[in-house]
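Data first, discussion second: the structure below is written as structure tokens.
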Amino acid sequence: MKKWTIVSLIVAVFAFALVGCGGNQEANNGGNAEAGINGNKSDFVAEEVTADQATIDAATQEIKDKGKLVLATSADYPPYEWHLMKDGKDEIVGFDIEIAKALADSLGVELEIKDLDFDGIIPSITSGQADIGIAGISATPERLNAVNMTSPYYENEQVIIVPKDKAESYKTMEDFAGLTVGAQTGSMQEATVQENFPKDVNLKSLPKLNNLVLEVKNGTADALVISKSAGQQYAKQFPELVALEVGIPDEPGVCVALKKGNDGLTAYIDQELKKMIEEGKVDEWIAQYEKLNDETAGAEDAQ
């Protein structure tokens, strides 16, 4: 991966790119939807959520009293989070999951994982069914109207997955004119297709990324826009596919989403994320789960 740089730990305010995947989708549709996409970095700045110690203590005590931290995620996004069969048991693994586990451990509670469609994550937070959302979610003005967001803990690029035998046909986004390009429902990639690709592109949106990958593999879609880290992992899993860089704008940094107004828990998690980054844990987890996905993809190919 080209972009391993974790966003500045000192600056609590980060300028997010309106790179988007979904034009003017609302924040409560979940995922990484954006508005005002122009293919360049924007002037949008997400302000850090702050709280005094008493507010932080009250919010964390509420989680401790409940005895669990409820995570909403979408486990089809390696190396962020995905399903892995281990010793005959289906587990959700990934570096986002390690972050959530570390947050639960810091609070002394269990982690409960809710595996949802990507566009159901933010509604689960706003309705109180989940405490946090971690699934490669970027802050946008629309989302910030619906939920709180921490400072970013990782940033990534975007690529496009195509059949390997057709890769030479695609050099820029303009080469996909008139073709069917997939993107996950409610994702930034959905807006990227709508705002950055030719207007005659046929956008195919589905809730699950793995289903979109199969669409490309089976020829019912020509391509799939996806984050670079996840795209590379899927390309390793399916050798007949390849992840290409064709000038697609970068994603903004990804953050943890929390219920709007829960400033105490947001500030607490922001502090914990910065500790993880400073200690090098996030980088370690990224490397660990990229390697694990490579190994498991290779094992599947051998079967």
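Letter by letter, the sequence shown follows residues -17 to -1, 1 to 286 in mature numbering (1 follows the signal peptide of the UniProt record, and there is no 0).
Glycine included, C-beta positions come from ideal geometry on N, C-alpha and C.
Pairing Ala42 with Met171, the inter-Cα distance amounts to about 30 Å. Counting only residues of its own chain and dropping the five nearest sequence neighbours on each side, Glu278 has no CB closer than 6 Å to any other CB. Of the other Cβ atoms in all chains shown, 16 or more fall within 10 Å of the Cβ of Ser121; this residue is therefore buried. Residue environment for Met68: exposed (fewer than 16 other C-beta atoms within 10 angstroms of its C-beta). Taking the C-beta atoms as reference points, Ala150 is found no nearer than 9 Å to Val184. Membership of Val199 in the alpha helix (DSSP H) is indicated by the continuous run 192 to 201.
Taking C-beta atoms as the reference points, Val92 and Gly50 count as a pair closer than 9 Å. If the five residues before and after Asp40 are omitted, its C-beta is found closer than 8 Å to the C-beta atoms of Gly247, all from its own chain and listed in chain order. In this structure, Ile108 lies near Ala240, with their beta-carbon atoms less than 9 Å apart. As a beta-bridge residue in DSSP terms, Glu95 pairs with Val53. Annotation: the segment 64 to 93 contains the following complete segments of the alpha helix (DSSP H) (minimum length 4 residues), in chain order: 78 to 90. Among the bridge pairs identified by DSSP, Ala58 is matched with none. The Cβ atoms of Ile117 and Asp73 do not sit closer than 9 Å to each other. Beta-bridge partners assigned by DSSP to Gln141: Ser210.
Annotated as proximal: Gly165 and Val208, with beta-carbon spacing under 9 Å. Assignment of Lys242 by DSSP, reduced to helix, strand and coil, places it in the strand class. In this chain, Met156 is not harboured by any alpha helix (DSSP H), its DSSP state being neither H nor E. By the Cβ criterion, the segment 54 to 68 is in contact with the segment 185 to 197, since at least three pairs of Cβ atoms, one from each stretch, lie closer than 8 Å.
The DSSP-derived three-state label of Ile115 is strand. Restricting attention to Gln271, Asp70, Gly244, Gln44, the CA atom closest to the CA of Glu31 is found in Gly244.
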